[in-house]
Each structure stands twice: as structure tokens, then as C-alpha cells.
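S.K.: Residue numbers for the sequence shown, in the UniProt record's numbering: 1 to 480. Even for Gly, the Cβ is constructed at its ideal location relative to N, Cα and C. Since the structure is predicted, the reported quantities are computational estimates derived from the model, not experimental observations. Just passing along the structure, written as C-alpha cells.
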Amino acid sequence: MATDNNKFQAIISHCKEYGFIFQSSEIYDGLSAVYDYGQNGSELKRNIRDYWWRSMTQFHENIVGIDAAIFMHPTTWKASGHVDNFSDPMIDNKDSKKRYRVDHLIEAHAEKLALEGKKEQEAALLQSMDNLLAKDDFDGLKKLIEDNNIKCSVSGTANWTDVRQFNLMFSTQLGSVSDEANEIYLRPETAQGIFVNFLNVQKTGRMKIPFGIAQVGKAFRNEIVARQFIFRMREFEQMEMQFFVRPGTQKEWYEYWKAERMKWHLSLGISADKYRFHDHVKLAFYADAACDIEYDFPIGFKEVEGIHSRTDHDLSRHQEFSKKKMQYFDTEINQNYIPYVIETSIGLDRTVLMVLSEAYAEEDLSTADKQDSRVVLRFPAKLAPIKLAVLPLTKKDGLPEIAREIMDTCKKSFRCFYEEKDAIGKRYRRMDALGTPFCVTVDHQTKEDNTVTIRYRDSMQQERIPIAEISRIINEAIDQ
Ligand code: ATP
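Written as C-alpha cells, this is what we have:
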């Protein structure tokens, strides 16, 4: 798999240097796999979230949004299967005390084999692992690790514990008495908040099948192997939509949502060859069909979004555990049924990483007599944290006053940034590094003819335009 670790590291450094993403509690040496979004990262993330939200609830007349609580009744997670099944097989190295997810440990070894040119051995190892995982054969997995002499990267030994299941949900206590009955979970996915509100929304919104419920919110998973920056975090955000359909129509809706979600991904200005579908061969027992949309990150093709045809499994389980009917009366066919569900589930943070990976470019601008380069984030205008920088050429001669007037007009429609310090070239480069698609410079000619120089981030071209045109140009770019 082609990876570009240098690019990945460069993106991480850039994110820190330019106020996109910081490690959580950095002054205390950070908290593993938890990150904070800075002044520019939070704007980028919000723009992506808003764009997804609008795409779902505004562009589709039959999808509404909700905002459910993170804490839910503990029985929710029994019904959903998370208490019993939301776990990964783990193994500990007895010498280093380091814990590994078994599949990650074996996959890392397989990657090493591939690098050594041992392609057949790699394929055989992965195949054996898949077979054993499918059968939940933990003894077999341990034997596979031992037979392949897979060692811990910290201790360098192959002194392993048995393979055990490890639940990924975080739990805490509700109320002040710490007794078992009060144990509740931080939700590991947002979907269940939608399922338990299915009837509330259907009835109060008078929704007719097919219809969808969308939600964006935090989810928490005690990921064991939590590296790769914001790709795998312990606290992250999901954007999920459950689409409720008549049983028997799920195949066509599954195909519809596959196509619709891919269209959305392409609308981020990312080319089709950077995406691929990964159809699941091994399905959960209740699932009809499932696939992932994978993006070609600098660390290889990886999942950004899952699309699942989940039959009536979730609503049936909630009906069973809550003893409340989860049925819908379909007036078109005069029948009561539990709807089937197509789910689209995308990680917001992974989408931020995808957009950053796609946008990040280091460009060599050297000429015969001058060495030069720039780092630019080529965000689509609609996602850029700052849309317009307003730059007076100098701090005097009334230029800042005109620039301020432009700011006052434009900031009502989109986010602008004012800067008068440093040479203009330096200011342009700083805006490139933040991904600002447009800069306008106010100079002495502005005082004479009410025009400014607009400078385009991607082409670095400049042209003169009337002040009155600025808003239109930028709004048009944002709407694309
Ligand atoms: P993975 O196989 O990478 O662990 P998953 O298949 O468990 O992911 P889902 O449960 O389908 O993921 O969650 C839907 C989406 O939520 C994923 O496609 C991903 O974008 C995002 N997501 C899941 N876990 C994490 C995490 N730990 N950190 C960041 N995003 C996550």
C-alpha cells in the first residue's frame, strides 16, 4: 500500500503550527488519542459539519435532524448489542505490559512481510487471521501469533498473554452512589439516539416512510490502538443518518444511498480516483449489505464512512427490550411493520483529516534567480475557515479605514480576517497556509477609483476589481 508518512507528519505539524489541531491537555504532556481543535480547525470542522447537515436535512425534504443526549438509559446498550459484543480481541505482552489489538498486531507483521517482498506469506497470514477472527477462535489467534514469532515492538519479546475480549465502551456512574445499578455509558455511536426517538419523530413530524433522521454528535470509544492522529480517537464526532424504509425496498435504497453519499464526497472537490468502495464480505448476522467509502489518505486507503443495510434489527431489539411497539402503519399498503433501515455513518474528524490531506500541498516556486516555496491548503471555498483576508497595503494614508469598511460589509456574509502587519507577500503566504481562498489588498489606487487587488490562492493570480464586486465573487465561490 502506497503511504506517505512524511506527508502525514508534515500535516500534523502544520495543523499545530497554524492553529488547526492541538493535542489535548498538551501542557500536561497530552492525553493519548484525544485532540483539541484550535481557532482554524474548529471553523473547518464546523463548516464540514454544517455542509453535511445541510446536505441531509435541507437538500432532502424527507430527512429531519435531532440532537440526542450523550447519556442514554443503560438498557439501550444491551438492546443494541454493545454491552455483549462491542469488543475487540486483545493480547498483552507480559514483559512490556503493552496491550495490542490482535488484528492490528498481525496486520503490522503482515506489512513487514510485504516490505520484505514476501507477498505470499503476507497473504496467507492475513487469510488465516480472517478465518480465525470469523470463528472467534482466540486460542487459534494466539497460536498464529506464536507460530509467526510476532514480537512486541517495545520489549522485543514474544511473551504473550492469552487473547481476551476488551469492551470499548467507557462507563461512569450516574448519581452519587457508586453501585452497579447506576453504571451508565458514554455513547459509542450516535445511531442509538435516533432509534430510540424513531416514534417520537415519526409521530410529531408526521413523517411518512421512506424518511430519515440525521444526527451529529460526540461518540466515545476506548480504542486500544489509538495512533494516527485524528484518524482514530477516543472522543470523536459522528454524522449519522438512519433512513427508514418499507421492508423489501432496502436493496434499492441501499444503492441509492451508496450513490448519493459518493456524490457528496465528490462535491468536496476530491477526485473519484481518491475514493473506493469496500464491500463487506463478512456481514453482521442481521445485515443485508454493507460497505465502506475509503479515501486514499497519506497512510493508505482507509474507511471514512460506512453504509449499512441493517434490516429491522435495531428497532426490533428496542421493541423487545423496551416492550414498546416500534411499528409504523403504512397507509399505502394498509400494513403495520417495523421499518427496515439504511444507515450512513461518517466520522467528522476523519473527514477533517481527509479534507486536510487533500488540501495540503508543498509547492516549489523557485525561479532561475530565486529559491522560493510555499505551503498551501487548497480547501474548497465553502469549507475554508477564513473566506477572505482584507489587507491594507500600508498602515497609513487612510488605507486601513477603507479596509475596515470592506470588513464591515463582508463579515456579515462570511468569515473575514483583517491584517495590516508585515509585507504583503508575507501576508499572502500566511493566508495560503491557512487555506484562505481570497485576499483583497487596499492600496493608493483604491482611494481614486474604489478598486482593490484580489489575489486568488490557488493560481496566485491577481486582478483589479471594484469593491462592490467582492461579496458577489466570494459568495459565488462558497455556493459551488
Ligand atoms: P474502524 O474499523 O476504523 O474502527 P468502525 O467500522 O468501527 O471504524 P463505525 O462504527 O462504522 O466505524 O463508525 C462510523 C464512522 O465513525 C467510521 O467510518 C469513522 O469515520 C468514524 N469513527 C469510528 N471510530 C472512530 C474513532 N475511534 N476515531 C475517529 N473516527 C471514528
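Please confirm whether Leu105 and Ile230 have their CB atoms less than 8 Å apart.
M.R.: Sequence index remark: in the sequence shown, residue 105 carries index 105 (1-based). Sequence index remark: in the sequence shown, residue 230 carries index 230 (1-based). No; because the gap between Cβ atoms is not below 8 Å, this pair is not in contact.
S.K.: Could you tell me if Ile333 is buried or exposed, where buried requires 16 or more neighbouring beta carbons within 10 angstroms of its beta carbon?
M.R.: Mapped onto the sequence shown, residue 333 falls at position 333. When all chains shown are included, Ile333 counts as exposed.
S.K.: Residues in its own chain within less than 8 Å of Ser471 by CB, not counting five upstream and five downstream?
M.R.: Locating residue 471 in the sequence shown gives position 471, where the first residue counts as 1. Contacts found: Thr409, Cys410 and Ser413.
S.K.: Answer yes or no: do Ala290 and Thr311 have a C-beta to C-beta separation smaller than 8 Å?
M.R.: To locate residue 290, count along the sequence shown from 1; it is residue 290. To locate residue 311, count along the sequence shown from 1; it is residue 311. Cβ atoms of Ala290 and Thr311: not closer than 8 Å.
S.K.: Compare the beta carbon distance of Ile194 and Gln215 with 8 Å and say whether it is the shorter of the two.
M.R.: As a working note, residue 194 is residue 194 in the sequence shown. As a working note, residue 215 is residue 215 in the sequence shown. Yes, these two residues count as a Cβ contact at 8 Å.
S.K.: For Gly38 versus Phe59, is the C-beta spacing smaller than 8 Å?
M.R.: Position 38 of the sequence shown holds residue 38. Position 59 of the sequence shown holds residue 59. Cβ atoms of Gly38 and Phe59: not closer than 8 Å.
S.K.: To which residues of the same chain is Leu174 closer than 6 Å at the C-beta, ignoring the five residues directly before and after it?
M.R.: For the purposes of this step, residue 174 is identified with residue 174 of the sequence shown, where counting begins at 1. Around Leu174: Asn182 and Ile184.
S.K.: What does a CB cutoff of less than 6 Å around Ala114 pick up in its chain, not counting 5 residues either side in sequence?
M.R.: Counting from 1 along the sequence shown, the entry for residue 114 is found at position 114. Excluding sequence neighbours, Ala114 sits near Glu122.
S.K.: Between which two residues does the alpha helix (DSSP H) carrying Thr204 extend?
M.R.: Mapped onto the sequence shown, residue 204 falls at position 204. First-last of the alpha helix (DSSP H) with Thr204: Phe198 to Thr204.
S.K.: Assuming Asn197 and Ile66 are in contact, meaning their beta carbons sit under 8 Å apart, how far apart are those beta carbons, in whole angstroms?
M.R.: On the sequence shown, position 197 is the one that residue 197 refers to. On the sequence shown, position 66 is the one that residue 66 refers to. At roughly 6 Å, the Cβ-Cβ gap stays under 8 Å, so Asn197 and Ile66 are in contact.
S.K.: Below 8 Å CB to CB, which residues in the same chain sit around Arg457 once its five sequence neighbours on both sides are set aside?
M.R.: Along the sequence shown, one-based indexing puts residue 457 at 457. Excluding positions up to five away in sequence, the list reads Val376, Arg378, Met431, Asp432, Gly435, Thr436, Pro437, Phe438 and Cys439.
S.K.: Who are Pro188's beta bridge partners in DSSP?
M.R.: The residue labelled residue 188 in the question sits at position 188 within the sequence shown. The partner list for Pro188 (beta bridge, DSSP) is empty, contrary to what the question assumes.
S.K.: Are the CB atoms of Leu126 and Leu132 within a distance shorter than 8 Å?
M.R.: Mapped onto the sequence shown, residue 132 falls at position 132. Mapped onto the sequence shown, residue 126 falls at position 126. No, they are not a contact pair.
S.K.: Could you pull out every residue in the same chain whose Cβ sits closer than 6 Å to the Cβ of Gln202, ignoring the five residues on either side in sequence?
M.R.: Numbered from its first residue, the sequence shown carries residue 202 at position 202. No residues qualify anywhere along the chain.
S.K.: Should Glu111 be listed as close to ligand 1, given that the test is whether its C-beta is under 7 Å from any heavy atom?
M.R.: Residue numbering aside, residue 111 sits at position 111 when the sequence shown is read from its first letter. It does not: the Cβ of Glu111 is nowhere closer than 7 Å to a heavy atom of ligand 1.
S.K.: To test your reading of the DSSP string, which unbroken beta strand (DSSP E) runs of 3 or more residues are found completely within the stretch 213-251?
M.R.: Listed in chain order, the complete beta strand (DSSP E) runs (minimum 3 residues) inside the stretch 213-251 are 235-245.
S.K.: State the DSSP-derived secondary structure class of Ala368, mapped to helix, strand or coil.
M.R.: The residue given as residue 368 occupies position 368 in the sequence shown. Ala368: coil per DSSP, three-state reduction.
S.K.: Is it the case that the CB of Arg101 approaches a heavy atom of ligand 1 more closely than 7 Å?
M.R.: On the sequence shown, position 101 is the one that residue 101 refers to. Because no heavy atom of ligand 1 lies under 7 Å away, the Cβ of Arg101 does not count as near it: no.
S.K.: On a CA-only basis, which of Phe243, Asn200, Arg187 and Gln228 is nearest Ile213? Give me that one, please.
M.R.: Residue numbering aside, residue 213 sits at position 213 when the sequence shown is read from its first letter. Among Phe243, Asn200, Arg187 and Gln228, the Cα nearest to that of Ile213 belongs to Phe243.
S.K.: From Ile473 to Gln462, what distance separates their C-alpha atoms?
M.R.: Locating residue 473 in the sequence shown gives position 473, counting from the first residue. Locating residue 462 in the sequence shown gives position 462, counting from the first residue. Computed Cα separation, rounded: 14 Å.
S.K.: Could you please give the first and the last residue of the uninterrupted beta strand (DSSP E) stretch that includes Cys439?
M.R.: Within the sequence shown, residue 439 is the residue found at index 439, counting from 1. From DSSP, the beta strand (DSSP E) with Cys439 extends over Phe438 to Val442.
S.K.: Should Pro392 go down as buried or exposed, given a rule of 16 or more other Cβ atoms within 10 Å for buried?
M.R.: Mapped onto the sequence shown, residue 392 falls at position 392. Label assigned to Pro392: buried.
S.K.: Going by the beta-carbon positions, is the gap between Asp349 and Met233 smaller than 8 Å?
M.R.: Residue 349 sits at position 349 when you count from the first residue of the sequence shown. Residue 233 sits at position 233 when you count from the first residue of the sequence shown. Contact flag set, yes.
S.K.: Would you kindly work out how many angstroms separate the C-alpha atoms of Val341 and Tyr254, rounded to a whole number?
M.R.: Counting from 1 along the sequence shown, the entry for residue 341 is found at position 341. Counting from 1 along the sequence shown, the entry for residue 254 is found at position 254. Straight-line Cα distance between these residues: approximately 9 Å.
S.K.: Measure the C-alpha to C-alpha separation of Ser155 and Leu315 and round it to an integer number of angstroms.
M.R.: Taking the first residue of the sequence shown as position 1, residue 155 is located at position 155. Taking the first residue of the sequence shown as position 1, residue 315 is located at position 315. Approximately 47 Å, taken between the alpha carbons.
S.K.: Taking DSSP's pairing of strands, which residues face Trp160 in a bridge?
M.R.: Your numbering for residue 160 matches position 160 in the sequence shown. According to DSSP, Trp160 bridges with Asn93.
S.K.: From the DSSP secondary-structure annotation, give me the bridge partner or partners of Gln23.
M.R.: Locating residue 23 in the sequence shown gives position 23, where the first residue counts as 1. DSSP lists Tyr35 as partners of Gln23.
S.K.: Exposed or buried, Thr190, counting other C-beta atoms within 10 Å across all chains shown (16 or more means buried)?
M.R.: Taking the sequence shown and counting its residues from 1, the one referred to as residue 190 is at position 190. It counts as buried.
S.K.: State the Cα-Cα distance for the pair Val442 and Lys426, rounded to the nearest angstrom.
M.R.: Reading the sequence shown from its first residue, position 442 is the one you call residue 442. Reading the sequence shown from its first residue, position 426 is the one you call residue 426. Distance between the alpha carbons of Val442 and Lys426 is about 16 Å.
S.K.: Where do the N-terminal and C-terminal ends of the alpha helix (DSSP H) with Gly140 fall, by residue?
M.R.: Here the question's residue 140 lines up with position 140 in the sequence shown. Per DSSP, Gly140 belongs to the alpha helix (DSSP H) from Phe138 to Asp147.
S.K.: Given 7 Å as the limit, tell me if Phe379 has its C-beta closer than that to any heavy atom belonging to ligand 1.
M.R.: Taking the sequence shown and counting its residues from 1, one reaches residue 379 at position 379. Phe379 Cβ: outside cutoff for every heavy atom of ligand 1.
S.K.: Under 8 Å, with one C-beta from each stretch per pair, do the stretch 159-168 and the stretch 84-98 reach the 3-pair mark?
M.R.: The stretch 159-168, when compared against the stretch 84-98, does touch it at the 8 Å Cβ threshold.
S.K.: According to DSSP, is Val352 helix, strand or coil?
M.R.: Position 352 of the sequence shown, counted from the start, is the residue given in the question as residue 352. Residue state, collapsed to three classes: helix.
S.K.: Cβ-heavy atom distance between Ser345 and ligand 1 below 7 Å?
M.R.: Along the sequence shown, read from residue 1 onward, the residue named residue 345 stands at position 345. Under cutoff, so the answer is yes.
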